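Asks:
In full-length UniProt numbering, the protein residues as written are 1 to 234.
1. Could you tell me which uninterrupted alpha helix (DSSP H) segments, each at least 4 residues in length, are contained entirely in the segment 101-176, listed from first to last along the chain?
2. Between residue 185 and residue 128, what straight-line distance do the alpha-carbon atoms span, to the nearest angstrom?
3. On a Cα-Cα basis, can you pick out the residue from 86, 64, 132, 57 that is closest to residue 142?
4. Distance, Cα to Cα, residue 165 vs residue 32?
5. Check for me: the beta strand (DSSP E) holding residue 212 runs from which residue to which?
6. Beta carbon of residue 118, beta carbon of residue 126: below 9 angstroms?
7. Given this structure, state the Cα-to-Cα distance separating residue 172 from residue 108, to the nearest angstrom.
8. Give a yes or no on whether the C-beta atoms belonging to residue 177 and residue 89 are separated by under 9 angstroms.
9. Spell out the partners DSSP gives residue 15 in its beta bridges.
10. Suppose you measure from the CA of residue 21 to the CA of residue 226; what does that come to, to the nearest Å?
11. Residue 188 lies in the alpha helix (DSSP H); which residues open and close that run?
12. Mind the definition here: the segment 11-18 touches the segment 70-78 only if three or more C-beta pairs lie below 8 angstroms; say whether that holds.
13. Using DSSP with H/G/I as helix, E/B as strand and the rest coil, what is residue 183?
14. Does the segment 211-218 come within contact of the segment 91-98, defined as at least 3 CB pairs closer than 8 angstroms?
15. What is the DSSP secondary structure of residue 59, reduced to helix, strand or coil?
16. Residues in its own chain within less than 7 angstroms of residue 2 by CB, not counting five upstream and five downstream?
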């Protein structure tokens, strides 16, 4: 499979604290099998390589209220940052050792009718000549209701599957070379932020930036006084 995305612009992923710690302690990324995802349209097309395709979702959106609420419901989420280039470099040796192929693509957000049309066209193509790299195209299409995710997907094809696909796929990496910044949930209390920061620095040895999101940081209120002279602000 070829890689489609070649930008050096940052990409982001929000995960619970313990999942991020696992990345560093186990030196691996976990890719999910689409069969466990909530969106039924991501399981719409079934084909001979369905059990062999795994994916991990990133975003080009630095942060949003929706993303924090969806992926950090307990206020213990961390947003990790990298770039497509660093992600490719991180997985390269593991892919070579295990004879894996990959793509890194921007997700397209389509009207439901367009998504169905593309899926049927792809189905016809695959019936004529099946290729895993073409079958993976369907993982790059989502309905417009998900557009807020601004998603980038790492898709890996593993030819020989001996485990249950729903267990996912683990790829060995150097997390310190991959992750360059960590942002902590804006709703995390000060004590929790300080505990996370200490653990990441002292226990994990993370050298990149660690900060708390200021998405909900309070600002000084603007008051309206009907008796105040409007010219005073000029």
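Just so it is clear, CB atoms sit at the ideal spot from N, CA and C, and this is done for glycine as well. What you are looking at is a predicted structure, and each value in this text was computed from that prediction instead of being measured.
Replies: The answer reads as follows:
1. Runs of the alpha helix (DSSP H) inside the segment 101-176: 112-128, 132-135.
2. By 1-based counting over the chain shown, the position of residue 185 is 185. By 1-based counting over the chain shown, the position of residue 128 is 128. Spanning the two alpha carbons is a distance of roughly 48 angstroms.
3. The residue you call residue 142 lines up with position 142 of the chain shown. Comparing Cα positions, the closest option is 57.
4. For the purposes of this step, residue 165 is taken as the residue at position 165 of the chain shown. For the purposes of this step, residue 32 is taken as the residue at position 32 of the chain shown. Approximately 8 angstroms between the Cα atoms of the pair.
5. Taking the chain shown and counting its residues from 1, the one referred to as residue 212 is at position 212. Taken as a continuous stretch (DSSP letters only), the beta strand (DSSP E) holding residue 212 covers 209-212.
6. Along the chain shown, one-based indexing puts residue 118 at 118. Along the chain shown, one-based indexing puts residue 126 at 126. Cβ atoms of residue 118 and residue 126: not closer than 9 angstroms.
7. As a working mapping, residue 172 is identified with position 172 in the chain shown. As a working mapping, residue 108 is identified with position 108 in the chain shown. So the alpha carbons of these two residues sit roughly 28 angstroms apart.
8. Here residue 177 corresponds to residue number 177 of the chain shown, with the count starting at 1. Here residue 89 corresponds to residue number 89 of the chain shown, with the count starting at 1. Less than 9 angstroms separates the beta-carbon of residue 177 from that of residue 89.
9. Here residue 15 corresponds to residue number 15 of the chain shown, with the count starting at 1. For residue 15, the pairing in a beta bridge is given by DSSP as 78.
10. By one-based count along the chain shown, residue 21 stands at place 21. By one-based count along the chain shown, residue 226 stands at place 226. Cα to Cα, the separation comes out at about 54 angstroms.
11. Walking along the chain shown from the start, residue 188 turns up at place 188. Careful: residue 188 lies outside any alpha helix (DSSP H) and carries neither H nor E.
12. yes
13. Residue 183 sits at position 183 when you count from the first residue of the chain shown. Here residue 183 sits in strand by DSSP.
14. When Cβ pairs closer than 8 angstroms are counted between the two stretches, the segment 211-218 is seen not to touch the segment 91-98, the count staying below three.
15. Position 59 of the chain shown, counted from the start, is the residue given in the question as residue 59. In the structure shown, residue 59 sits in a strand (DSSP, three-state: E or B).
16. Working through the chain shown from its first residue, we reach residue 2 at position 2. Any answer about residue 2 is weak, because its pLDDT of 42 lies below 50 and its placement is not dependable; what the coordinates show is given next. Contacts found: 103.
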